[in-house]
Amino acid sequence: MQRVFITGASSGIGAALAKAYAQQGAILGLVARRKETLEQIRAGLANPERHHLYALDVTDHAALHHAAQEFISATGGADVVIANAGISQGTLTEYVEDIPVFERIIATNVTATVATFHPFIAAMKASPQPQQCRLVGIGSVAGIRGLPGAEAYSASKAAVISYCESLRVELRASGIKVVTIAPGYIDTPMTQVNHYRMPFLMPVEKFAARALAAIAAGDSYRVIPWQMGVVAKMLRLLPNSVYDFAFSKAPHKKRHL
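Each residue of the sequence shown is one higher than the one before, starting from 0 at the first, in numbering that gives the first Met the number 0.
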């Protein structure tokens, strides 16, 4: 029976992952800010009495650490830890009022990923089968190349991808697998506010099924859906001059301050 700890579990990708793991019989630790919403999510899961809820903000590292320790104590450890909590907002560097937004996005999307993984590493190393343990970072195709109007979000997801790569190499000898999942456009509340066309938009339930397969396999890096993986590889190869011309007039995510 797997023990799975998920941040950002109250909606979107996090809630879909929770549902998919619960259907497999896992014991879950679910983290989000809204207690009532977490309780509603748990009520809709298979075996709701098994699952543990932690209402907190992931930027509160002390509270996050306490929740992780409580989950380890209650379940004996964790097999899968998914740092999924994340926020997205349009940002423009020319506006001084966007600087706090940058800071909030980096704190939630990047630093909180580190704070999510930290409490579990020692226990995973000490487990009888560390090679079965997974630390999962949720990146984004937006982290492959910088998108106009999304400086903070693109930077944060690029940081998650690079951080997970560093951690993966660091933990290789321990047997612990570090998995990076880079979603493309997934149909969630985060993307439903976008006012532009989103190619290869995928239902969140379908995304969750593919993510669980990648995590179980211990894939080092997986773009979902695969079509966006092809696009991501092409974007990496484009010369800067071509990329700049092609994306300079791309639609921007709205700023909400």
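Idealized CB from N, CA, C, for every residue including glycine.
Fair warning: this is a prediction, and the values are worked out from it, not measured in the lab.
What do you reckon, are the CB atoms on residue i and residue j nearer than 7 angstroms?
| i | j | result |
| --- | --- | --- |
| I26 | L16 | no |
| V159 | I214 | no |
| I104 | A151 | yes |
| G76 | S126 | yes |
| I185 | F206 | yes |
| G89 | G148 | yes |
| N83 | G13 | yes |
| S9 | R33 | yes |
| I223 | P182 | yes |
| I143 | L234 | yes |
| A45 | L55 | no |
Where do the N-terminal and C-terminal ends of the beta strand (DSSP E) with residue i fall, by residue?
| i | result |
| --- | --- |
| I160 | Unbroken run through I160 is the alpha helix (DSSP H), E150 to E169; no beta strand (DSSP E). |
| I26 | I26 to A31 |
| K248 | Note, K248: premise wrong, no beta strand (DSSP E); not H, not E. |
| L52 | H51 to A54 |
| I5 | R2 to T6 |
| P182 | K176 to P182 |
Report the option in the options whose CA atom is closest to the CA atom of residue i.
| i | options | result |
| --- | --- | --- |
| R49 | T92, Q88, E38 and D56 | E38 |
| A121 | A149, A67, L234 and E93 | A67 |
| S173 | P202, T112, S9 and Q131 | Q131 |
| K156 | P129, F199 and F101 | F101 |
| G7 | T115, D243, A73 and E93 | T115 |
| P57 | T110, G43 and S72 | Per the sequence shown, residue 57 should be read as Val rather than Pro. It is T110. |
Can you find the residues in the same chain that come closer than 6 angstroms, C-beta to C-beta, to residue i, ignoring five residues on each side of it along the sequence?
| i | result |
| --- | --- |
| C163 | G136, V177 and T179 |
| V3 | Y20, A25, L27 and V79 |
| H64 | P118 |
| T36 | S9 |
| M201 | I185 and P224 |
| P47 | R41 |
| E204 | A15 |
| G217 | K176 |
Just to confirm the assignment, what range does the alpha helix (DSSP H) spanning residue i have?
| i | result |
| --- | --- |
| A45 | It is not in any alpha helix (DSSP H) - A45 carries neither H nor E in the DSSP assignment. |
| T74 | H60 to T74 |
| I12 | G11 to Q22 |
Here's a check: name, in chain order, each residue in its chain whose Cβ is nearer than 7 angstroms to the Cβ of residue i, leaving out the five neighbours to either side.
| i | result |
| --- | --- |
| F199 | G183, Y184, P224, Q226 and M227 |
| R167 | V177 and S219 |
| H60 | A114 |
Can you give me the Cβ contacts of residue i inside the same chain, cut-off strictly under 8 angstroms, excluding the 5 residues immediately before and after it?
| i | result |
| --- | --- |
| M0 | G24, A25 and I26 |
**Prompt:** If you scan the region 76-136 from start to end, which runs of the beta strand (DSSP E) of 3 or more residues do you find wholly inside it?
**Reply:** 79-82
Practice prompt. List in chain order: all unbroken beta strand (DSSP E) runs of 3+ residues lying wholly within the region 185-246.
Written response: 220-223
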